[in-house]
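Since the structure comes first, as structure tokens, the remarks are kept for the end.
In the working numbering, the protein residues as written are -9 to 257.
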């Protein structure tokens, strides 16, 4: 969950509003939708109320309004709700209105078809890494990541590119200390991570092996916006034992396609 939404949840749970601002009804709507997105499964209204720290009566009122607007829908017969078809239409409208995003999606499709590998579009949400879209490998050894799940930045190849514009102190302030601990208990030394960020900035791509998953090799190339900033990456997620020659071939292809998607060239 992004820092801004975390702030909203803290406020509704009883903490003082940040910067003295009052929370409005729309803030609770945003918190409710964020809670469902983070939970990634249908929830009962009472559980949503607890998660966002809002009164049950208020939460029921919001849910009923969202049900009427088809932004939520009932799931089953036990009071569960989840995203409705209107949310799909909003996403469809975004992807079809944004010509650059359409180009990115077309590139994901082509790369997956050409290589038979798992291809991802990645970025940041708050101070976490997220997979924005993914095309899974059709092969027998499939590696996939859940779209939208927030992951600590140091676990990822993309994160080393996405933080390239920050100073070492800014990175220290941005990443929570606990995010350097990997799922298997290993800990990445912050100094090592800062060195990886500097290397990724210098070489224009990033590769990691066996971090979040001991069986994967990840490589990422930057997609630059119109100002030259990196806010998205194009990635391959490969089996860790992929031969070096194959990795080199895929990395060259990845960097070429990412450059083609960038709206501004690198310095």
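A virtual CB, placed ideally from N, CA and C, is assigned to each residue, including glycine. Bear in mind that the values here come from a model prediction, so they are computed numbers and not experimental data.
Beta-carbon proximity check, residue i vs residue j, cutoff 8 angstroms
i: residue 184; j: residue 170; result: no
i: residue 148; j: residue 119; result: yes
i: residue 215; j: residue 190; result: no
i: residue 202; j: residue 141; result: yes
i: residue 38; j: residue 25; result: yes
i: residue 28; j: residue 36; result: no
i: residue 251; j: residue 105; result: no
i: residue 52; j: residue 101; result: no
i: residue 50; j: residue 63; result: no
i: residue 95; j: residue 123; result: yes
i: residue 113; j: residue 222; result: yes
i: residue 99; j: residue 125; result: yes
Candidates the options, of which the one nearest residue i by Cα
i: residue 56; options: 121, 18, 239, 28; result: 18
i: residue 150; options: 220, 127, 175; result: 220
i: residue 244; options: 235, 125, 231, 212; result: 212
i: residue 59; options: 85, 249, 79, 127; result: 79
i: residue 207; options: 48, 99, 159, 237; result: 237
i: residue 249; options: 235, 233, 218, 232; result: 218
Spatial neighbours of residue i in its chain, beta-carbon cut-off 6 angstroms, leaving aside the 5 residues before and after
i: residue 196; result: 147, 150, 151, 190, 210
i: residue 240; result: 226
i: residue 176; result: none
i: residue 260; result: The structure shown has nothing for residue 260, since the chain only spans -9 to 257.
i: residue 233; result: none
Residues of its chain near residue i, where Cβ-Cβ distance is below 7 angstroms and the 5 sequence neighbours each way are ignored
i: residue 165; result: 117, 143, 144
i: residue 173; result: 202
i: residue 247; result: 97, 101, 224
i: residue 187; result: 150, 153, 154, 161
i: residue 34; result: 69, 70
i: residue 82; result: none
i: residue 32; result: 65, 70, 71, 72
i: residue 127; result: 106, 107, 108, 133
i: residue -1; result: Summary for residue -1: the model assigns pLDDT 40, below 50, so the residue's position carries little reliability; its value from the coordinates is reported in the next sentence. Counting only Cβ-Cβ distances below 7 angstroms, and skipping sequence neighbours, we find 21, 42, 43.
Secondary structure of residue i, DSSP reduced to three states
i: residue 224; result: strand
i: residue 212; result: strand
i: residue 109; result: strand
i: residue 197; result: strand
i: residue 115; result: strand
i: residue 172; result: coil
i: residue 41; result: helix
i: residue 180; result: helix
i: residue 242; result: helix
i: residue 48; result: helix
i: residue 33; result: strand
i: residue 63; result: strand
i: residue 125; result: strand
i: residue 97; result: helix
i: residue 187; result: helix
i: residue 205; result: coil
i: residue 229; result: strand
i: residue 139; result: coil
Nonlocal neighbours in the same chain, by C-beta distance under 8 angstroms from residue i, ignoring five residues either side
i: residue 194; result: 211, 212, 245, 256
i: residue 90; result: 251, 253
i: residue 85; result: 91, 92, 95
i: residue 87; result: none
- Check whether the stretch 108 to 127 touches the stretch 222 to 238, taking contact to mean three or more Cβ pairs, one atom from each stretch, closer than 8 angstroms. yes
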